[in-house]
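**Q**
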Amino acid sequence: MSSRATTPHSSPYRQTTASAIAVPPFISASKFRLQSLYSDFSGQKTANHALYHSNVDWWRRTLEAYVYEGHQGSNRLVLNADKQFVHNFTVSGVGKPSGLDTVFVSFQIPASLYTFDIVPVLVKADLSSPSHLSSSDPLPTLMSLGTFLSLAASLYAPQSKAYLTAIPSLFLSYVVAKPLWWALESAGVVGEDSLASSISSTFSSFRSAPSKVDTRWYGDYVLLHLVEQAAEAVLEKQMAKSTGPADSLYSFDSFRKEFAECIMHPREDESPLMSEIDMKVILRYLERDKGAVVVEDEIVKFSEDGQHEITAVDRGILELKSAVENLQAQIEGIQRKIDAYTAKASEALKQQRKTIALSHLRSRKPLEDLLSKRLGALANLEGTLIQVEGAAGDIEILNSYKASTVTLRSILSHPSLQRDTIDETMDAMAEANADAKEIDDKVRIGGDVAVGISNIDDDELEEELKQLVAESEREKEHQQEQRSIESKLRDIPGVPSHTVSDTNHERVLIAS
Numbered sequence: 006m007s008s009r010a011t012t013p014h015s016s017p018y019r020q021t022t023a024s025a026i027a028v029p030p031f032i033s034a035s036k037f038r039l040q041s042l043y044s045d046f047s048g049q050k051t052a053n054h055a056l057y058h059s060n061v062d063w064w065r066r067t068l069e070a071y072v073y074e075g076h077q078g079s080n081r082l083v084l085n086a087d088k089q090f091v092h093n094f095t096v097s098g099v100g101k102p103s104g105l106d107t108v109f110v111s112f113q114i115p116a117s118l119y120t121f122d123i124v125p126v127l128v129k130a131d132l133s134s135p136s137h138l139s140s141s142d143p144l145p146t147l148m149s150l151g152t153f154l155s156l157a158a159s160l161y162a163p164q165s166k167a168y169l170t171a172i173p174s175l176f177l178s179y180v181v182a183k184p185l186w187w188a189l190e191s192a193g194v195v196g197e198d199s200l201a202s203s204i205s206s207t208f209s210s211f212r213s214a215p216s217k218v219d220t221r222w223y224g225d226y227v228l229l230h231l232v233e234q235a236a237e238a239v240l241e242k243q244m245a246k247s248t249g250p251a252d253s254l255y256s257f258d259s260f261r262k263e264f265a266e267c268i269m270h271p272r273e274d275e276s277p278l279m280s281e282i283d284m285k286v287i288l289r290y291l292e293r294d295k296g297a298v299v300v301e302d303e304i305v306k307f308s309e310d311g312q313h314e315i316t317a318v319d320r321g322i323l324e325l326k327s328a329v330e331n332l333q334a335q336i337e338g339i340q341r342k343i344d345a346y347t348a349k350a351s352e353a354l355k356q357q358r359k360t361i362a363l364s365h366l367r368s369r370k371p372l373e374d375l376l377s378k379r380l381g382a383l384a385n386l387e388g389t390l391i392q393v394e395g396a397a398g399d400i401e402i403l404n405s406y407k408a409s410t411v412t413l414r415s416i417l418s419h420p421s422l423q424r425d426t427i428d429e430t431m432d433a434m435a436e437a438n439a440d441a442k443e444i445d446d447k448v449r450i451g452g453d454v455a456v457g458i459s460n461i462d463d464d465e466l467e468e469e470l471k472q473l474v475a476e477s478e479r480e481k482e483h484q485q486e487q488r489s490i491e492s493k494l495r496d497i498p499g500v501p502s503h504t505v506s507d508t509n510h511e512r513v514l515i516a517s
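In short: position in the sequence shown from 1, add 5, done, that's my numbering.
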């Protein structure tokens with residue numbers, strides 16, 4: 006067995022310090038763990054549910070990384086399961102994975118339809134009716150490319166899961182026959198010493214090692230989780246850049262270039278261009294499952310405001326947009342040639358080769374004239390495109406005005422908003438308010454009479470109120486006078502606390 010599975014798409018193997026074995030860069034596990042992962046662990050479905058679930062989850066994450074990081078080639082959403090795929094996962098000291106058939110079968114069944122009981126739900130459920138399916142159920146990890154592209158209903162609609170009704174023989178082999186056989190064998194119903202040993206030949210292909218490699222699971226599979234992520238990235242980028250009708254229109258080629266980074270992170274030896282298969286998958290998902298685009302005659306339109314058709318105006322705008330992009334590419338190419346001739350002329354002058362330098366300058370002159378013409382044409386096309394986009398925008402604005410006017414007139418034509426109806430309603434409201442006031446007055450007067458309160462004279466109340474106010478004012482003035490007297494008393498000097506001497510007394514007498 007070779008110690009390295011070299012392919013034109015895979016990176017050199019790395020050495021793991023824990024296991025000292027060479028493994029591909031998309032594999033992260035010890036040698037002991039790989040031995041379990043690479044074995045046929047289908048029997049653990051009932052014997053050890055935790056181990057089975059852990060192995061399946063590891064394979065899910067590994068296969069997604071294998072595809073997303075480009076280890077299989079240019080496709081970033083579709084897994085190519087074939088002989089080369091198995092060879093890429095070969096690990097020295099461990100060998101090739103032998104349980105991939107179980108992995109691929111489990112990946113194609115939604116979690117809501119499969120349990121780890123002895124008998125799968127597929128045996129119990131009536132798959133001809135989608136009533137047991139929910140639109141919120143998680144999608145399966147994988148779906149065959151042909152099934153994905155041919156489905157008419159959305160993946161999130163219950164009726165779209167009807168593809169499970171046509172269960173292929175591979176599904177029946179691994180999700181019905183095997184678990185059923187293990188259950189019967191554990192119960193002693195079948196086996197070498199059982200009375201039913203005569204039927205064991207029916208399942209012998211599942212109990213013994215196959216004589217040749219089972220390739221029924223080979224094929225192209227869409228990784229639905231990666232598709233969902235890529236679609237969200239595409240919609241976010243489109244929302245950020247959309248400013249006019251031209252920004253929502255793409256040809257297949259321009260779409261592959263514009264949104265390649267939403268699906269892939271190209272390596273140095275890889276061009277940043279979305280593969281055709283990935284483009285078909287992402288457009289099918291955006292159109293059928295998201296309702297975000299319309300695809301027709303190799304034209305892609307991001308639908309806005311519920312517009313689900315490509316009009317003649319759209320085609321004209323896309324033609325202008327494509328012409329502008331082509332001219333821009335031509336201008337960039339011409340500029341690169343001019344720069345190259347300039348560099349060659351400079352290098353020739355450094356070497357004192359004036360004749361060659363002059364020749365390069367002469368060759369550059371026609372390119373400069375062509376560049377000037379192309380720049381003029383580009384300016385004209387860009388101006389025309391802006392005018393067309395403006396006119397298209399004006400049409401949308403006028404249509405909005407028209408729709409708003411129709412809506413307003415429809416509301417105003419309602420019988421409740423007619424002048425006679427409004428007058429009748431307002432008169433009825435005034436009468437109702439008057440009746441309510443009259444009833445309130447009667448109830449209030451009746452209550453006063455009931456408790457012995459006579460009619461109150463408003464003039465008398467007013468006079469009493471004036472007296473209370475005057476009394477309050479007099480009280481305030483009295484308090485202010487008291488405060489003034491107290492202040493003056495505080496300013497008078499106090500009586501001396503000591504006895505006045507006789508000398509001083511005599512002086513006072515003499516002075517008097």
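Quick reminder that beta carbons are idealized off the backbone N, C-alpha and C, glycines included.
This structure is a prediction, so every number in the text was calculated from the model and none was measured.
Does the structure place the segment 48-67 close enough to the segment 255-268 that three or more beta carbon pairs sit under 8 Å?
**A** No, they do not touch.
**Q** Between proline 30 and valine 96, is the Cβ-Cβ spacing less than 9 Å?
**A** As a position in the sequence shown, residue 30 is number 25, starting the count at 1. As a position in the sequence shown, residue 96 is number 91, starting the count at 1. No, the Cβ-Cβ distance between proline 30 and valine 96 is not below 9 Å.
**Q** So, for alanine 251: in the same chain, excluding its five sequence neighbours on each side, which residues have a beta-carbon less than 7 Å away from its beta-carbon?
**A** By one-based count along the sequence shown, residue 251 stands at place 246. Contacts found: Ile322, Lys326, Leu390 and Glu394.
**Q** Assuming valine 108 contacts tyrosine 43 (C-beta within less than 8 Å), just tell me the rounded distance between them.
**A** Locating residue 108 in the sequence shown gives position 103, where the first residue counts as 1. Locating residue 43 in the sequence shown gives position 38, where the first residue counts as 1. The Cβ separation is near 11 Å, so there is no contact.
**Q** In whole angstroms, give me the CA-to-CA distance for phenylalanine 153 and alanine 397.
**A** By one-based count along the sequence shown, residue 153 stands at place 148. By one-based count along the sequence shown, residue 397 stands at place 392. Looking at the two C-alpha atoms, the distance is approximately 36 Å.
**Q** Could you give the residue range of the beta strand (DSSP E) that holds glutamate 301?
**A** For the purposes of this step, residue 301 is identified with residue 296 of the sequence shown, where counting begins at 1. Per DSSP, glutamate 301 belongs to the beta strand (DSSP E) from 298-301.
**Q** Do you know whose CA, among Glu266, Ser280, Arg358 and Ala353, lies nearest glutamate 241's CA?
**A** For the purposes of this step, residue 241 is identified with residue 236 of the sequence shown, where counting begins at 1. The shortest C-alpha separation from glutamate 241 is found at Glu266.
**Q** I need the boundaries of the alpha helix (DSSP H) containing serine 59, first residue and last residue.
**A** By 1-based counting over the sequence shown, the position of residue 59 is 54. That run of the alpha helix (DSSP H) goes 54-73.
**Q** Between the Cα of serine 364 and those of Ala353, Trp222 and Asn53, spot the shortest distance and give me the residue it belongs to.
**A** Within the sequence shown, numbered from 1, the residue matching residue 364 stands at position 359. The residue with the shortest Cα to Cα distance from serine 364 is Ala353.
**Q** Looking at the strands, I want to know which residues DSSP matches up with methionine 148.
**A** Taking the sequence shown and counting its residues from 1, one reaches residue 148 at position 143. Its beta-bridge partners are Val227.
**Q** Just the Cα atoms here: how many angstroms apart are alanine 158 and phenylalanine 264?
**A** Here residue 158 corresponds to residue number 153 of the sequence shown, with the count starting at 1. Here residue 264 corresponds to residue number 259 of the sequence shown, with the count starting at 1. So the alpha carbons of these two residues sit roughly 25 Å apart.
**Q** Could you give the residue range of the alpha helix (DSSP H) that holds leucine 366?
**A** Residue numbering aside, residue 366 sits at position 361 when the sequence shown is read from its first letter. Where leucine 366 is concerned, the enclosing alpha helix (DSSP H) stretches over 359-417.
**Q** Please classify alanine 171: does DSSP put it in a helix, a strand, or coil?
**A** Position 166 of the sequence shown, counted from the start, is the residue given in the question as residue 171. Residue placement at alanine 171 cannot be trusted, given a pLDDT of 39 that sits under 50; the coordinates are not used to answer.
**Q** CB threonine 67 to CB isoleucine 32, shorter than 9 Å?
**A** If you number the sequence shown from 1, residue 67 lands on position 62. If you number the sequence shown from 1, residue 32 lands on position 27. Closer than 9 Å, so yes.
**Q** Please list, in chain order, all residues of the same chain as glutamate 197 whose beta carbon is under 6 Å from its beta carbon, the five residues on each side excluded.
**A** Position 192 of the sequence shown holds residue 197. In this prediction, glutamate 197 scores a pLDDT of 45, lower than 50, which makes its location untrustworthy; the coordinate-derived value is nonetheless stated afterwards. None.
**Q** Along the beta strand (DSSP E) that carries tyrosine 161, what are the first and last residues, could you check?
**A** If you number the sequence shown from 1, residue 161 lands on position 156. No beta strand (DSSP E) contains tyrosine 161, which DSSP labels as neither H nor E.
**Q** Under a Cβ-count criterion, where at least 16 other Cβ atoms within 10 Å of its own Cβ denotes burial, should serine 369 be classed as buried or exposed?
**A** Locating residue 369 in the sequence shown gives position 364, where the first residue counts as 1. With the sequence shown as reference, residue 369 is identified as arginine, and serine is not the correct amino acid for it. Classification for arginine 369: buried.
**Q** Would you say glutamate 292 lies against chain D (beta-carbon separation less than 9 Å)?
**A** The chain inventory of the structure shown lacks chain D, comprising one protein chain alone.
**Q** What span of residues does the beta strand (DSSP E) with tyrosine 255 cover, start to end?
**A** One-based indexing of the sequence shown puts residue 255 at position 250. It spans 254-256 - the beta strand (DSSP E) in which tyrosine 255 sits, taken as one unbroken run.
**Q** Quick one: is glutamine 77 buried, meaning 16 or more other Cβ sit within 10 Å of its Cβ, or exposed?
**A** Here residue 77 is taken as the residue at index 72 of the sequence shown, counted from 1. It counts as buried.
**Q** Going along the chain, which residues of its own chain have a beta-carbon closer than 6 Å to the beta-carbon of threonine 79, five neighbours each way excluded?
**A** The residue you call residue 79 lines up with position 74 of the sequence shown. Sequence check: residue 79 is serine here, not threonine. So the qualifying residues of the chain are Ser280.
**Q** For the candidate residues Gln357, Met244 and Ala238, whose alpha-carbon lies nearest to that of methionine 269?
**A** Stepping through the sequence shown from its first residue, residue 269 is reached at position 264. Checked all of Gln357, Met244 and Ala238; the closest Cα to methionine 269 is Ala238.
**Q** What residues are listed by DSSP as bridge partners for leucine 470?
**A** Residue numbering aside, residue 470 sits at position 465 when the sequence shown is read from its first letter. None; leucine 470 has no bridge partner.
**Q** Measuring straight from C-alpha to C-alpha, what distance separates glycine 48 and serine 103?
**A** The count along the sequence shown starts at 1 and reaches residue 48 at position 43. The count along the sequence shown starts at 1 and reaches residue 103 at position 98. Going from the Cα of glycine 48 to the Cα of serine 103 covers about 13 Å.
**Q** How far does the beta strand (DSSP E) with alanine 265 in it reach, from first residue to last?
**A** Your numbering for residue 265 matches position 260 in the sequence shown. Unbroken run through alanine 265: none, as it is neither H nor E.
**Q** When you compare only the Cα positions, how much space is there between valine 448 and threonine 426?
**A** Taking the first residue of the sequence shown as position 1, residue 448 is located at position 443. Taking the first residue of the sequence shown as position 1, residue 426 is located at position 421. When rounded, the distance between both Cα atoms is 33 Å.
**Q** Can you check which of these residues, Arg38, Ser111 and Asn438, is closest to arginine 541 by C-alpha distance?
**A** Missing from the structure shown is residue 541; the chain here goes from 6 to 517 and no further.
**Q** Grouping DSSP H, G and I as helix and E and B as strand, with all else coil, what is isoleucine 497?
**A** Position 492 of the sequence shown, counted from the first residue, corresponds to residue 497. Here isoleucine 497 sits in coil by DSSP.
**Q** Roughly how many whole angstroms lie between the Cα atoms of glutamate 303 and serine 418?
**A** Position 298 of the sequence shown, counted from the start, is the residue given in the question as residue 303. Position 413 of the sequence shown, counted from the start, is the residue given in the question as residue 418. Using only the alpha carbons, I get a separation of about 46 Å.
**Q** Quick one: Cα of alanine 362 to Cα of lysine 349, how far?
**A** Here residue 362 refers to the residue found at position 357 when the sequence shown is read from its first residue. Here residue 349 refers to the residue found at position 344 when the sequence shown is read from its first residue. In a straight line, the C-alpha of alanine 362 is about 7 Å away from that of lysine 349.
**Q** Can you tell me the Cα-Cα spacing of glutamate 337 and threonine 347, whole angstroms?
**A** Taking the sequence shown and counting its residues from 1, one reaches residue 337 at position 332. Taking the sequence shown and counting its residues from 1, one reaches residue 347 at position 342. Their Cα atoms are separated by approximately 15 Å.
**Q** Alpha carbons only, please: which of Glu486, Gly75, Lys407 and Gln356 is nearest the one belonging to proline 277?
**A** Sequence index remark: in the sequence shown, residue 277 carries index 272 (1-based). Of Glu486, Gly75, Lys407 and Gln356, the residue nearest in Cα terms is Gly75.
**Q** Classify glycine 452 as helix, strand or coil using the three-state DSSP reduction.
**A** Along the sequence shown, one-based indexing puts residue 452 at 447. If DSSP states are grouped into helix, strand and coil, glycine 452 belongs with the helices.
**Q** Kindly provide the ranges of any alpha helix (DSSP H) runs that are 4 or more residues long and lie completely inside the segment 278-346, ordered along the chain.
**A** Counting only runs of 4 or more, we get 281-293.
**Q** Please list the segments of the alpha helix (DSSP H) lying wholly inside the segment 72-118, counting only runs of 4 or more residues, in order along the chain.
**A** List check, alpha helix (DSSP H) in window: 88-93 and 105-112.
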